[in-house]
Each structure stands twice: as structure tokens, then as C-alpha cells.
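Undergrad: Numbering (full-length UniProt numbering), first residue to last: 1 to 354.
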Amino acid sequence: MRRAQGSEDGTTTRTAVTLAPRFGVNSATTDPPRERAPYRSGMTQGHRVVRGVGGAVVAIFLGAILLVGCSGGGGSSGDDGIEGADGGGDMGANEGAGAEEAAADREAPAQDTDGEVRQVITTAMASVLVEDPAAAADELADTAEGAGGRVERRSEQAGDDVAAVSPSASVTVRVPSDDLTTVIDSLDDLGEVRDLNQESTDVTEAAQDLDARIAALETSTDRLLEIMAGAEDSSDLLAAESALSERQAELESLQSERDYLADQVAMSTLDVTFVAESEPTIEPSGFTGGIANGWRALVSFVGVVLAVTGALLPWLLVIGVPAALVTWVVRRRRGRVAVAPGGSSVVPKDDGGA
């Protein structure tokens with residue numbers, strides 16, 4: 001309840017009376033005039049209604065999206081199952097194609113992921129048990145030459161029955177890298193392959209480094225030739241000639257090294273040792289075996305004695321001959337001394353004395 005009262009000085013004072021029904025008390029306060037915000041509580045309720053409606057719309061929209069996604073996922077799962085069933089029928093064909101591709105990769109030269117051919121040096125060593133080492137070595141040489149290779153080294157050793165050493169032959173061949181596997185497989189036709197070791201060394205970086213250095217030296221050599229052609233001073237010409245000689249010598253050395261590396265990559269090395277099959281020896285037993293063992297022992301003893309005699313004979317000639325001469329001289333002098341009957345010795349008169 002509001003009312004205006006007049007004061008003695010002619011001014012008007014507003015008195016605001018606030019009813020407090022909760023406590024049942026009336027309180028009157030006197031304060032400056034101010035305006036109240038009309039319908040504040042009504043606006044707050046309106047905002048709450050809008051918020052509630054917006055939240056419901058968002059919830060409905062999200063629910064619709066979830067329903068559509070679930071139905072789509074089920075459809076895609078069905079499609080995946082159909083595709084898996086169709087793919088299972090072609091699994092055998094795909095595996096066969098993969099095996100063929102893997103075999104082609106093994107036969108193809110080693111390549112990088114960017115298609116660059118790798119520079120690889122391949123060496124192999126094998127030991128083969130054969131009946132005739134010399135004949136097997138000949139066949140391997142023919143196989144290598146037929147593949148476009150060559151024989152670099154060959155040696156043969158005869159067997160020794162006393163020392164129980166079997167005949168053998170060693171052959172080192174150089175064959176094209178692409179034909180190395182074929183030549184190694186041919187060893188099975190010659191005999192029993194006991195040992196086989198194969199090693200590959202990648203020298204791609206070394207080859208690229210040599211190529212770069214060779215290209216740089218060739219450019220430097222061409223530049224020096226141009227300087228020599230346009231030199232007007234003899235000192236400049238001599239300096240250019242000296243530098244050119246050094247560059248050319250280094251260039252030739254690098255080119256020789258690069259050629260050797262290229263040959264090692266193009267031609268693989270195969271070192272094969274052929275060993276003859278040794279027949280097992282059956283030792284005799286009983287009385288016959290004892291005689292045989294005794295005879296072998298006697299032969300061995302005589303051989304040892306002869307070996308020792310042969311070793312001492314030079315020493316006997318050097319020491320024995322002077323010793324025999326000294327002994328002969330001493331005995332001759334003693335023979336000239338005559339012994340008297342009374343026990344006194346008589347020294348023979350010297351022919352040269354008075």
C-alpha cells in the first residue's frame with residue numbers, strides 16, 4: 001500500500017509499506033522512490049517453457065539419428081557377410097595367384113621399393129661326395145662353361161692308403177648370377193652334397209658412391225681440359241697439366257674398382273670340393289689278425305729306424321770321419337814305442353836327430 005504525505009517544508013515523502021504475512025508483522029520503511037520491473041516472474045517462466053521444448057526437440061532428433069544408424073549398420077553387416085561368403089569361394093584362386101607371384105619375386109633380381117635394382121654379390125661353397133673326383137670336376141667345368149661361366153681355379157690330390165687320405169679335387173667356377181641356382185642344383189647329379197653354404201652381400205651403396213665419384217672426376221677432367229685449351233700463360237698450363245694427370249690417375253683407379261665390382265655382381269663364385277667315397281676297411285681278427293698287426297708293427301718299426309738313420313747319417317759323416325782319423329793317428333804313435341824287458345820303455349830314435 002502506498003500513500004503520499006505532506007511535510008512541513010512542502011516536500012512530498014513516499015512511504016512504502018510492506019506486508020509480511022509470513023511473520024504477521026507490518027513494517028514501514030522510508031526510502032527514495034524507485035521503479036519495479038513489471039512481470040519479472042512471468043518472463044522467467046516463459047524462458048523455462050522454451051528451454052523445455054527445445055530440449056525435447058533435440059532428444060527426439062538424436063533418437064531418430066540413432067535409429068537410422070542402427071538400421072544402416074545392420075544392412076552393412078549383412079552386405080559384409082554376403083561379400084565374405086562370395087570372397088570365400090575365390091580364396092583358393094587367390095592363394096594360387098599369390099604363390100605364383102612369390103615364386104616370380106624369388107626369381108627376379110633384388111629390387112628396392114622404388115624399383116631400383118640392388119647390386120648383390122653372391123658366393124657359394126659346397127662339398128660333394130663322389131666316386132671319381134676328377135671326373136666330377138670335369139663335369140662341373142662343362143656345366144659352368146655351358147652356362148656362360150668359366151673355371152678360375154682347379155686342383156686335384158691323389159689318395160694315400162697308408163695315411164688314409166681319400167682322393168679329392170677342388171674347383172672354383174664363376175657363373176652368371178641368374179644361373180647360380182641351376183648350377184648348384186646340378187651338383188645333385190654328380191654325387192651326394194654333404195655341405196652347402198651360400199652368402200649374399202649388398203654393395204648397392206658402394207656402387208653408387210663409386211659412380212658419383214667417377215662422374216665428379218670426369219667433370220673435373222673436362223674442366224681442366226678447357227682450362228688448358230684457353231691457357232695463355234705457361235705456368236697456368238703446367239699447373240693444369242699436373243692437376244689433370246692426378247685426376248686421370250684417380251679416375252682410372254676408380255673405374256677399375258667399379259669394373260671389378262660390376263664383375264663380382266654379374267658373375268657369382270662357386271667353390272666345390274669333390275671327395276672320393278672311402279670303402280670301409282674290415283680289420284681281421286684272431287690269429288690272422290695278430291699276424292697282420294704284428295707285420296704292420298714291424299714295418300712301422302723298420303720305417304722309423306730307417307728314418308732315424310737317414311736323419312743321423314749327415315752328422316755321422318761330419319763327426320765320424322774326423323774322429324776316425326784322430327784315432328788312427330794316436331794308435332800309430334803308440335805303436336812306435338818299444339817296451340824294454342826290464343820294464344823301461346825305449347823311445348825309438350828320431351830319423352832327423354843327430
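Ideal Cβ placement from N, Cα and C applies to all residues, glycine included.
Just so we're clear, the structure is a prediction, and the values are computed from it rather than from any experiment.
1. Where does aspartate 178 fall in DSSP's three states?
2. Go ahead and pull the three-state DSSP assignment for glutamine 248.
3. On a CA-only basis, which of Val272, Asp222 and Val330 is nearest arginine 194? Give me that one, please.
4. Quick one: any contact between the region 166-175 and the region 143-157, if contact means 3 or more CB pairs under 8 Å?
5. Taking only runs that begin and end inside the region 192-273, name each unbroken beta strand (DSSP E) of 3 or more residues, in chain order.
6. When the Cβ atoms of the region 203-217 are set against those of the region 260-267, are three or more pairs found closer than 8 Å?
7. What separation, rounded to the nearest whole angstrom, lies between the Cα atoms of isoleucine 184 and aspartate 211?
8. To the nearest angstrom, report how far apart threonine 269 and alanine 215 are at their CA atoms.
9. Between aspartate 236 and the ligand SAM, is the CB less than 6 Å from at least one heavy atom?
10. Could you tell me the alpha carbon to alpha carbon distance between arginine 223 and leucine 238, rounded to whole angstroms?
11. Could you check how far apart the C-beta atoms of leucine 190 and threonine 221 are, in whole angstroms? I think they sit under 8 Å.
12. May I ask you to list the residues that DSSP assigns as paired with valine 173?
13. I need the straight-line Cα distance from valine 117 to serine 200, nearest angstrom please.
14. Identify the continuous alpha helix (DSSP H) that holds leucine 129 and give its terminal residues.
15. If contacts are defined as beta-carbon pairs under 8 Å, then valine 130 and phenylalanine 274 qualify, I think. What distance do you get, rounded to the angstrom?
16. Please classify glycine 230 as buried or exposed, where buried requires at least 16 neighbouring CB atoms within 10 angstroms.
17. Alpha carbon to alpha carbon, how far is arginine 258 from serine 235? Give it in angstroms, no decimals.
18. DSSP three-state label for glutamate 277, please.
19. Compare the C-alpha of valine 120 against each of Thr143, Gln198, Gly290 and Ser186 and name the closest.
20. I need the straight-line Cα distance from leucine 187 to proline 133, nearest angstrom please.
21. Considering just the uninterrupted stretch of the alpha helix (DSSP H) at alanine 144, what are its terminal residues?
22. Is it true that the CB of alanine 276 sits closer than 7 Å to the CB of proline 176?
23. Using the three-state DSSP reduction, which class does serine 300 fall into: helix, strand or coil?
24. Can you say whether leucine 306 is buried or exposed, counting buried as having 16 or more other CB atoms within 10 angstroms of its CB?
25. Looking only at C-alpha atoms, which of Arg331, Ala158 and Gln248 sits nearest to glutamate 213?
26. Just how far apart, CA to CA, sit tryptophan 315 and alanine 323?
27. Can you tell me which of the three DSSP states serine 168 falls into?
28. Taking just the CA atoms, how far does alanine 147 sit from aspartate 179?
29. Can you tell me whether threonine 327 is buried or exposed? The criterion is at least 16 other CB atoms within 10 Å of its CB, across all chains shown.
30. Under 7 Å, do leucine 217 and alanine 126 count as touching if we go by C-beta distance?
31. Taking its Cβ as the centre, do 16 or more other Cβ atoms sit within 10 Å of glycine 310, making it buried, or is it exposed?
32. Kindly list the residues whose CB is nearer than 6 Å to the CB of threonine 123, restricted to its own chain and excluding five residues on each side of it in sequence; keep chain order.
33. Does the distance from the C-beta atom of alanine 243 to that of methionine 228 stay below 7 Å?
TA: Walking through what the data contain:
1. Looking at aspartate 178 - three-state DSSP - the assignment turns out to be helix.
2. helix
3. Val272
4. yes
5. 192-202
6. yes
7. Going from the Cα of isoleucine 184 to the Cα of aspartate 211 covers about 32 Å.
8. Between the alpha carbons of threonine 269 and alanine 215 lies a distance of about 29 Å.
9. Annotation note on the ligand SAM: not contained in the displayed structure, which lists no ligands.
10. So the alpha carbons of these two residues sit roughly 15 Å apart.
11. Not really, about 51 Å apart at Cβ, beyond 8 Å.
12. Val151 and Leu270
13. 15 Å
14. It is not in any alpha helix (DSSP H) - leucine 129 instead sits in the beta strand (DSSP E) that spans 120-130.
15. 5 Å
16. exposed
17. 35 Å
18. coil
19. Gln198
20. 12 Å
21. 133-146
22. no
23. helix
24. exposed
25. Correcting the residue type first, residue 213 is arginine in the shown sequence and not glutamate. With distances taken between Cα atoms, arginine 213 lies closest to Gln248.
26. Those two C-alpha atoms are separated by around 12 Å.
27. strand
28. Using only the alpha carbons, I get a separation of about 7 Å.
29. Answer is exposed; the Cβ neighbour count stays below 16.
30. In this structure, alanine 126 does not lie closer than 7 Å to leucine 217 by Cβ.
31. exposed
32. Within the same chain, threonine 123 has close Cβ partners Glu199 and Thr269.
33. no
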